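Trainee: Quick note, in numbering that gives the first Met the number 0, the sequence shown goes up one by one and the last residue is 160. This is the structure, below, for whatever I ask next.
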Amino acid sequence: MSAFVTAMRVVGDLDDEFYRDERQRDVWNEAAAVGFQLFLWAAFLAAAVLPWVAGTVGAWTALGVLVVAVGISAATLGFARHRDVDLHATATLSKPRLALALVLYAVGVVGIVARLMVPNSDSPVSTWWGIAVGAAVGAAAAAYAIAAARRRRARFEAEED
Numbered sequence: 000m001s002a003f004v005t006a007m008r009v010v011g012d013l014d015d016e017f018y019r020d021e022r023q024r025d026v027w028n029e030a031a032a033v034g035f036q037l038f039l040w041a042a043f044l045a046a047a048v049l050p051w052v053a054g055t056v057g058a059w060t061a062l063g064v065l066v067v068a069v070g071i072s073a074a075t076l077g078f079a080r081h082r083d084v085d086l087h088a089t090a091t092l093s094k095p096r097l098a099l100a101l102v103l104y105a106v107g108v109v110g111i112v113a114r115l116m117v118p119n120s121d122s123p124v125s126t127w128w129g130i131a132v133g134a135a136v137g138a139a140a141a142a143y144a145i146a147a148a149r150r151r152r153a154r155f156e157a158e159e160d
């Protein structure tokens with residue numbers, strides 16, 4: 000077992016006797032999934048609102064919230080991947096809730112950038128060029144990630160048949 004999986008097992012207290020009962024484990028897994036999704040929605044909503052409502056302090060707070068959300072998401076996906084479960088292989092990327100989450104995330108990122116970079120910049124025009132280039136690179140990365148997810152899903156479906 001890798002150090003990462005061992006650390007995640009300690010964090011999740013997965014060796015507790017509680018997890019030996021299958022029903023309790025299943026119910027807890029569902030509850031944890033609901034809690035994780037609730038955390039992500041709250042983080043995206045807070046990140047979308049804080050920069051616009053609370054100014055620079057809100058932008059720094061929103062940045063911290065997004066960093067924590069991304070870190071927790073990466074740890075969750077990494078743990079599943081280390082246990083040979085690829086959550087992206089069976090996920091559908093065309094859900095309306097995904098679009099809403101991406102919109103909230105984008106509003107938050109734009110608010111953070113607008114509050115933290117533009118007012119303090121000596122040359123706002125160059126900052127907006129940087130934002131445009133960053134958006135283009137981000138869109139390209141997103142397109143690559145979507146294509147990779149589709150390839151994984153196709154490979155997963157081919158292995159199932």
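Beta carbons are placed, not taken as given, at the ideal position from N, Cα and C, and that holds for glycine. Just so you know, these numbers come straight off a predicted model, no measurement behind them.
Could you tell me the distance, in whole angstroms, from the CA atom of ARG24 to the CA atom of GLN36?
Mentor: Spanning the two alpha carbons is a distance of roughly 18 Å.
Trainee: Apart from the five residues just before and just after GLY77, which ones in its own chain have a Cβ nearer than 7 Å to its Cβ?
Mentor: Around GLY77: PHE3.
Trainee: In or out: GLY70 buried (at least 16 other Cβ within 10 Å) or exposed?
Mentor: Exposed, by the Cβ-count rule.
Trainee: Run through the segment 62 to 91 for me and flag every whole alpha helix (DSSP H) of 4 or more residues, listed as ranges in chain order.
Mentor: If we require 4 residues or more, the alpha helix (DSSP H) runs fully inside the segment 62 to 91 come out as 86 to 89.
Trainee: From LEU86, GLY133, TYR104 and TRP59, pick the residue whose C-alpha is nearest to that of ARG152; which is it?
Mentor: Out of LEU86, GLY133, TYR104 and TRP59, LEU86 has the C-alpha closest to the C-alpha of ARG152.
Trainee: Alpha carbon to alpha carbon, what distance is there between GLY54 and ALA74?
Mentor: Cα-Cα distance, rounded: 30 Å.
Trainee: Quick test of the definition: if touching needs 3 or more C-beta pairs under 8 Å, does the segment 100 to 117 touch the segment 40 to 47?
Mentor: A contact exists between the segment 100 to 117 and the segment 40 to 47.
Trainee: Give me the Cβ distance between ILE111 and LEU62, rounded to the nearest whole Å; I'm assuming they're in contact under 8 Å.
Mentor: About 5 Å separates the two Cβ atoms, so the contact holds.
Trainee: Excluding the 5 residues flanking ILE130 on each side, which residues of the same chain have their C-beta closer than 7 Å to its C-beta?
Mentor: If we look at ILE130 and ignore the five residues flanking it on each side, its Cβ neighbours are VAL112.
Trainee: With a cut-off of 8 Å on the beta carbons, I'd call ALA31 and ALA90 a contact; round off their distance for me.
Mentor: Rounded, the Cβ-Cβ distance is 17 Å, inconsistent with contact.
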